[in-house]
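Visitor:
Numbering (this note's numbering), first residue to last: 16 to 451.
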């Protein structure tokens with residue numbers, strides 16, 4: 016009889032006390048789990064902006080996320096401590112009540128409680144409200160990181176030593192993604208979710224690409240350059256400048272490769288006015304400016320900065336041997352970011368003509384980047400700049416008219432050729448395997 020009363024007393028007192036402690040431990044486990052998700056999923060850019068504005072909680076979040084290894088180590092240590100302690104206490108409690116079978120009951124009960132209330136529920140809430148949750152838990156987690164710092168440091172040392180035994184060194188591992196890659200991923204994510212239109216996505220992506228794209232990709236090729244001969248009659252030079260849609264023209268001496276200056280239309284008009292309209296008094300050598308030569312391997316970002324520093328909008332592009340390859344202007348770089356900038360003097364060049372059958376008739380000089388942007392294609396532009404160059408690179412020959420090739424998921428048919436130059440192509444995107 017005394018044993019029965021003792022059992023009832025045990026059930027009445029220890030059961031509720033132990034259950035209360037387990038409940039608190041499960042709440043702490045949920046706090047750790049939610050904190051880990053919130054602090055890793057919060058927007059670093061938004062938190063940084065709030066910290067700059069003087070938000071103390073945001074400053075704490077920023078300091079915590081600056082050391083992710085210490086942060087995750089402390090949270091995992093705290094989470095495992097409370098989970099293991101809660102499971103041990105639940106097992107002891109069920110053993111007293113149900114005997115040996117209590118081990119299995121405790122395992123099933125604690126698995127369900129930890130999974131639902133300490134993992135899925137807090138993580139789901141943290142994912143839905145990462146910034147708000149991160150700001151709320153930052154103070155508590157900061158204390159945990161401080162208290163567990165010695166243990167976390169010891170654990171990190173053991174982990175690194177163990178990995179080093181197997182030939183793995185993580186001491187100097189940097190972030191897998193650069194800041195540019197993270198921004199690019201964010202832009203693509205917003206577009207996929209409908210937050211950005213195609214034009215905005217292209218523009219933002221182009222800004223990030225300025226370091227990767229070279230002048231060679233956007234320059235006006237020397238075959239398409241309009242230039243004037245310094246030895247031509249003054250009347251011919253003035254007529255050429257006035258009729259040209261371009262403000263600046265290269266000036267050559269005898270050989271078009273021998274560029275000796277750059278002529279600005281405004282300077283021509285001023286000089287002609289000073290000459291009182293007398294063509295014989297006009298001297299082009301006095302008003303042309305010194306040409307600026309830049310290597311074709313210069314990135315667009317470097318060239319843009321150079322244009323701004325020099326306050327010059329025009330440069331001639333040369334290869335490694337100093338031969339003229341083309342020219343580049345500030346407008347060419349800006350168009351790479353914002354798209355074509357047309358004005359009343361621009362010529363319309365029908366370089367791309369969609370066909371009723373879904374194919375596209377393309378001039379050989381059209382760049383691969385322009386086609387990719389226009390049609391959301393993903394043709395590679397590493398080995399060639401123009402669509403004709405891509406076909407020649409892949410075919411490893413200069414194909415004749417009527418020849419067709421299939422590569423990169425597209426069919427290319429040569430429709431026009433002038434000497435060794437492909438001047439026309441019909442391009443059609445092929446359906447993916449398994450799709451009609």
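Yeah, the Cβ is synthetic: ideal placement off N, Cα and C, and Gly gets one too.
Assign residue 421 to one of three DSSP states: helix, strand, or coil.
Guide: For the purposes of this step, residue 421 is taken as the residue at position 406 of the chain shown. Strand, per DSSP.
Visitor: Bridge partners for residue 179 per DSSP, in chain order?
Guide: If you number the chain shown from 1, residue 179 lands on position 164. Its beta-bridge partners do not exist; DSSP assigns none.
Visitor: Rounded to whole angstroms, what is the Cα-Cα separation between residue 361 and residue 147?
Guide: Taking the first residue of the chain shown as position 1, residue 361 is located at position 346. Taking the first residue of the chain shown as position 1, residue 147 is located at position 132. The pLDDT assigned to residue 361 is 48, lower than 50, so where the model puts this residue is not dependable, and the model offers no usable value.
Visitor: Going by DSSP, which residues form a beta bridge with residue 368?
Guide: Indexing the chain shown from 1 puts residue 368 at position 353. In the DSSP output, where bridge partners are listed per residue, residue 368 has 376.
Visitor: How is residue 438 classed by DSSP in three states: helix, strand or coil?
Guide: Mapped onto the chain shown, residue 438 falls at position 423. Residue 438 falls in the strand class under three-state DSSP.
Visitor: Please state the DSSP three-state secondary structure of residue 33.
Guide: Taking the chain shown and counting its residues from 1, the one referred to as residue 33 is at position 18. Note: residue 33 maps to helix in three-state DSSP.
Visitor: Candidates 403, 314 and 267: which alpha carbon is nearest residue 226's?
Guide: Translated into positions along the chain shown, residue 226 becomes position 211. Comparing Cα positions, the closest option is 314.
Visitor: Does residue 368 pass the burial test, meaning 16 or more other C-beta atoms within 10 Å, or should it be called exposed?
Guide: Numbered from 1 along the chain shown, position 353 holds the residue referred to as residue 368. With fewer than 16 Cβ atoms within 10 Å of its Cβ, residue 368 is classed as exposed.
Visitor: If contacts are defined as beta-carbon pairs under 8 Å, then residue 322 and residue 345 qualify, I think. What distance do you get, rounded to the angstrom?
Guide: Reading the chain shown from its first residue, position 307 is the one you call residue 322. Reading the chain shown from its first residue, position 330 is the one you call residue 345. Confirmed, Cβ separation roughly 5 Å.
Visitor: Anyone know if the C-beta pair for residue 228 and residue 335 falls short of 8 Å?
Guide: Against the chain shown, residue 228 aligns to sequence position 213. Against the chain shown, residue 335 aligns to sequence position 320. In terms of Cβ geometry, residue 228 and residue 335 do not form a close pair [threshold 8 Å].
Visitor: What are the boundary residues of the beta strand (DSSP E) that residue 279 is part of?
Guide: For the purposes of this step, residue 279 is identified with residue 264 of the chain shown, where counting begins at 1. Here the beta strand (DSSP E) through residue 279 covers 270-279.
Visitor: Output the distance between the C-alpha atoms of residue 331 and residue 422, rounded to the nearest integer angstrom.
Guide: Walking along the chain shown from the start, residue 331 turns up at place 316. Walking along the chain shown from the start, residue 422 turns up at place 407. Each residue's alpha carbon lies about 34 Å from the other.
Visitor: Taking C-alpha atoms, which residue in 55, 388, 156 and 53 lies nearest to residue 220?
Guide: Within the chain shown, the letter at position 205 stands for residue 220. Here the closest residue by C-alpha is 388.
Visitor: Within 10 angstroms of the Cβ of residue 251, are there 16 or more other Cβ atoms? Answer buried if so, exposed if not.
Guide: Position 236 of the chain shown holds residue 251. Answer is exposed; the Cβ neighbour count stays below 16.
Visitor: What did DSSP end up calling residue 261 once you bin it into helix, strand or coil?
Guide: On the chain shown, position 246 is the one that residue 261 refers to. Residue state, collapsed to three classes: coil.
Visitor: Beta-carbon within less than 6 Å of residue 364's beta-carbon, same chain only, minus the 5 sequence neighbours each way: which residues are those?
Guide: On the chain shown, residue 364 is found 349 positions in, with the first residue counted as 1. Model confidence at residue 364 stands at a pLDDT of 43, short of 50, so the residue's coordinates are unreliable and nothing is read from them.
Visitor: Counting C-beta neighbours from all protein chains within 10 Å, is the total for residue 293 16 or more, i.e. buried, or is it exposed?
Guide: Position 278 of the chain shown, counted from the first residue, corresponds to residue 293. Exposed is the call here.
Visitor: Go through the region 311-349 residue by residue and report every complete run of the alpha helix (DSSP H) that reaches 4 residues or more, in order.
Guide: 315-325
Visitor: When we look at the beta-carbon of residue 267 and count the other beta-carbons within 10 Å, is it buried (16 or more) or exposed?
Guide: Here residue 267 refers to the residue found at position 252 when the chain shown is read from its first residue. Buried.
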